[in-house]
Structure formats: C-alpha cells, structure tokens
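Colleague: Pasting in a structure now, in structure tokens, and then I'll have a few things to ask.
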Amino acid sequence: MDMAIGDKIVKFITNSVLQARTVTRYREPLVGFASANDHLFTQIKQVIGPHHLHPREMLPGAKTVVAFFIPFAEDVVKANRRDKEKIAREWAVAYIETNRLISEICQELTGVLREEGIEAVAEKPTHNFNEQDLTAGWSHKSVAFVAGLGTFGLNRMLITASGCAGRLGTLVISAGVPPTPRPTEELCHYHRDGKCLYCVQNCPTGALQVQQLDKQRCYKQLLEVDSLFSDLGLCDVCGKCAMGPCAMNAG
C-alpha cells in the first residue's frame with residue numbers, strides 16, 4: 001500500500017467532505033479509530049442494552065471501528081440560533097444533505113477498501129431505530145466516543161474538538177488501525193465546571209433536563225418539525241440543544 005490504511009481513510013473522508021456538492025458548507029471533518037476488541041464495546045451492550053450490536057456482530061472479522069464527524073459551517077449554526085422556537089431551513093437542509101453525504105462516503109469507502117482486500121460494513125447515519133421505544137441497535141455517538149472523537153455533553157450529544165453541530169458516521173472494517181487516544185478532559189462546559197445550562201434552557205419543549213431526557217417528548221418535537229419541511233423528505237430534526245458554546249468547538 002502507498003500509505004497506511006488509516007491515513008488513506010482519513011484522506012478519503014476529508015476529500016469527500018471538501019468536494020461535497022451540497023448547499024451546506026462544512027468545516028474539516030474529524031476521524032477516529034477504535035479497536036473492535038475495546039472493552040467499552042462490551043460495556044455499551046451493558047449500558048444501552050443487549051440489543052446494541054458489538055462490532056463483531058456487525059462484521060465477524062472486525063478489527064477496527066472508524067468514526068467520523070462532519071461539522072457544519074458557522075453560517076448553518078448561526079441560522080438555527082436566530083429563533084429559539086423556529087427551526088431554520090438551513091439546519092433542516094444540512095441534516096438531509098449531510099445524512100446523504102455520510103451514506104455516500106460509507107458506500108464509496110467500502111468499495112475502496114474492498115479493492116485493498118478489506119471488508120467493511122456501515123450503518124446508515126439515522127433512522128436506524130425503533131420508532132416505538134426509540135432504541136437503536138447501533139449508536140453512532142457511543143461508537144464515536146470509543147473512537148476518541150469526544151465526550152458526552154449535558155445535551156446527550158457527543159461534543160468533539162470541533163463542537164457538536166454536525167453529523168456522525170461510522171464503519172466497521174477488517175483491517176487493524178491504531179486506536180485514537182480518547183480525550184482526557186470533559187469537553188462539555190457543564191460537566192467541566194457546572195456553569196453552562198444553555199442546552200437545557202434552549203430546549204423548546206422542556207424534554208431536556210439536567211437529570212434526564214424525555215425521548216418521547218423530544219421525538220414528538222422532531223416529527224412536528226418534519227411536517228414543516230415535507231418538501232425536503234424525512235426531516236425529523238431540531239438541534240436547539242446543540243446551539244450553545246459547544247456548537248462550534250469545545251473551548
């Protein structure tokens with residue numbers, strides 16, 4: 001190979017985002033790797049539930065899990081900050097376009113890796129959950145945490161070094177790649193010093209509280225938003241809890 005497989009994956013994802021033919025603009029993506037044998041994958045099944053797949057249940061020969069985060073450009077974030085109640089069309093479009101972009105990246109990267117003799121499988125970026133109890137068999141956020149991309153915030157989102165305003169994608173591959181070190185400090189302002197409650201205060205439905213998240217109330221809000229953007233396709237999105245100081249960066 002001309003370069004290490006990990007470097008190839010990073011370059012492929014980065015170039016795909018930079019060359020994306022989307023209305024939505026992005027900042028540079030982040031890519032992380034985790035060993036499929038990491039003990040945290042077993043813990044995820046214990047914390048989330050036995051329904052959550054282990055990487056080896058996704059791909060029997062799994063050696064590495066790849067996670068990547070595509071952060072939205074500042075204008076997308078600013079658009080959704082303007083009104084606490086109203087979801088910006090720019091944010092809705094970004095959700096639709098980025099989910100499509102992630103699917104394309106995973107599909108094309110799977111083909112590239114196959115040419116190298118490497119098997120890969122990917123879960124779709126969203127709508128991979130049970131609509132009744134809202135459980136998912138593969139949590140991109142949890143997997144990305146194991147792959148060193150960030151820490152969980154009070155908003156229940158993964159906060160990366162580039163913030164949480166963006167979308168996550170993951171793949172499981174049969175090649176070994178050195179794991180990415182996980183952050184050694186909290187990237188959520190509330191978990192770090194207990195002073196920031198932006199996400200709780202900005203939740204339009206009150207579904208997000210310090211101690212809990214009412215998933216059903218949150219999902220009801222998402223479905224109501226979906227009805228407002230029916231021309232875009234399935235667009236169950238909100239993002240108001242991702243508009244605080246942690247939106248763009250973890251500083």
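In case it helps, the UniProt record's numbering puts the sequence shown at residues 1 to 251.
Backbone N, C-alpha and C fix where the C-beta goes; we use that ideal spot for every residue, glycine too.
With DSSP collapsed to three states, give me the class of A73.
Modeller: Three-state result, A73: coil.
Colleague: Following the continuous beta strand (DSSP E) through R167, name the residue where it begins and the one where it ends.
Modeller: Per DSSP, R167 belongs to the beta strand (DSSP E) from 166–173.
Colleague: Tell me the DSSP secondary structure of D2 in three-state form.
Modeller: Only weak support is given to the placement of D2: the predicted model assigns it a pLDDT of 42, under 50, and the value that follows is read from those uncertain coordinates. In this structure, D2 counts as coil in the three-state DSSP scheme.
Colleague: So, with DSSP's three-state summary, where would you put L223?
Modeller: Helix, per DSSP.
Colleague: Let me know the secondary structure DSSP gives T22 once reduced to three states.
Modeller: Three-state DSSP puts T22 in coil, outside helix and strand.
Colleague: Taking 8 Å as the cut-off, decide whether the C-beta atoms of V121 and L171 are in contact.
Modeller: Their beta carbons are under 8 Å apart, which means V121 touches L171 by this criterion.
Colleague: Who are the Cβ neighbours of R25 in its own chain at under 8 Å, not counting the five residues just before and after it?
Modeller: The residues are F72, A73, D75, V76.
Colleague: Should S230 go down as buried or exposed, given a rule of 16 or more other Cβ atoms within 10 Å for buried?
Modeller: Exposed is the call here.
Colleague: In the DSSP assignment, find the unbroken alpha helix (DSSP H) run with residue 256 in it and report its ends.
Modeller: Residue numbering for the chain in the displayed model covers 1 to 251; residue 256 lies beyond these limits and cannot be assessed.
Colleague: Look at the alpha carbon of R100 and the alpha carbon of A4, and state the distance between them as a whole number of angstroms.
Modeller: One C-alpha to the other measures close to 27 Å.
Colleague: At the level of alpha carbons, what is the spacing between P179 and R114?
Modeller: For P179 and R114, the distance between alpha carbons rounds to 21 Å.
Colleague: Excluding five sequence neighbours on each side, which residues of the same chain lie with their C-beta closer than 6 Å to the C-beta of residue 252?
Modeller: Coverage of the chain is limited to positions 1 through 251, which leaves residue 252 absent and any answer about it impossible.
Colleague: Determine which residues share a DSSP beta bridge with G150 and list them.
Modeller: Paired residue(s): T160.
Colleague: By the three-class DSSP mapping on this structure, what secondary structure does L101 have?
Modeller: In this structure, L101 counts as helix in the three-state DSSP scheme.
Colleague: Got a sec? Which residues, its chain only, sit under 6 Å from H54 by beta carbon, not counting five neighbours each side?
Modeller: Same-chain partners within the cutoff: F41.
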